[in-house]
Amino acid sequence: MSNTYHQVYIQAVFAVKYREAIITSDCKSKILSVIGNLINETGCKTLIVNGTEDHVHCLLSLKPTISISELMKIVKGKSSKFINDHQLTKHKFEWQEGYGAFSYSKSHIDAVYKYIANQEEHHKRENFKDEYISLLNKFNVKFDEKYIFEKLL
2 MSNTYHQVYI
12 QAVFAVKYRE
22 AIITSDCKSK
32 ILSVIGNLIN
42 ETGCKTLIVN
52 GTEDHVHCLL
62 SLKPTISISE
72 LMKIVKGKSS
82 KFINDHQLTK
92 HKFEWQEGYG
102 AFSYSKSHID
112 AVYKYIANQE
122 EHHKRENFKD
132 EYISLLNKFN
142 VKFDEKYIFE
152 KLL
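Following the working numbering, the numbering of the sequence shown begins with 2 at its first residue and continues without gaps.
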């Protein structure tokens, strides 16, 4: 659409179902690459995708013609299909239902980028559940903790 200008930065965060630690070092780079490519295929722009064995953070520039929910449906659905089709994990792979999406101004992008790039080190000090609740609190998102994560097996 002509005369449409935008600058919308989003950090999307989502977990492996039951927060299982199944994104191994053997498959991690492939999974992150697939997620980044899927974001780009929607017309959005991937800035960085990183995570650990049980969750992923994506920093992206959102295209105004796609909703965050549509983007996450595409990214999570197609990436889990790719993971299963290519048998990147030992068992059937699924993402946890839902996601977190947090917006940032341009002045915060460098810090968020570094934070996402440093996930492995960060999670030596803080687990994912605490990190996620901290993000929700930082952005004043009301939540009921019993609905944040499905119980671990």
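Backbone N, C-alpha and C fix where the C-beta goes; we use that ideal spot for every residue, glycine too. Just so we're clear, the structure is a prediction, and the values are computed from it rather than from any experiment.
- Across the structure, Asn38 and Phe150 are spaced so that their CA atoms are roughly 27 angstroms apart.
- By the criterion of at least three beta-carbon pairs nearer than 8 angstroms, the region 40-52 is not in contact with the region 84-92.
- The straight-line gap separating the alpha-carbon atoms of Met73 and Lys107 is approximately 22 angstroms.
- Around the Cβ of Ala13, a 10 Å sphere holds 16 or more other Cβ atoms; the residue is buried.
- Nearest neighbour of His7 by Cα position, chosen from Tyr19, Phe129, Thr90 and Thr66, turns out to be Thr66.
- Bounds of the alpha helix (DSSP H) holding Val113 are Ile110 to Ala118.
- In the three-state DSSP reduction, Tyr100 falls in the coil class, being neither helix nor strand.
- Considering only Phe140, Lys130 and Asn141, the residue with the shortest C-alpha distance to Tyr148 is Lys130.
- Judged by DSSP in its simplified three-state form, Gly44 adopts coil rather than helix or strand.
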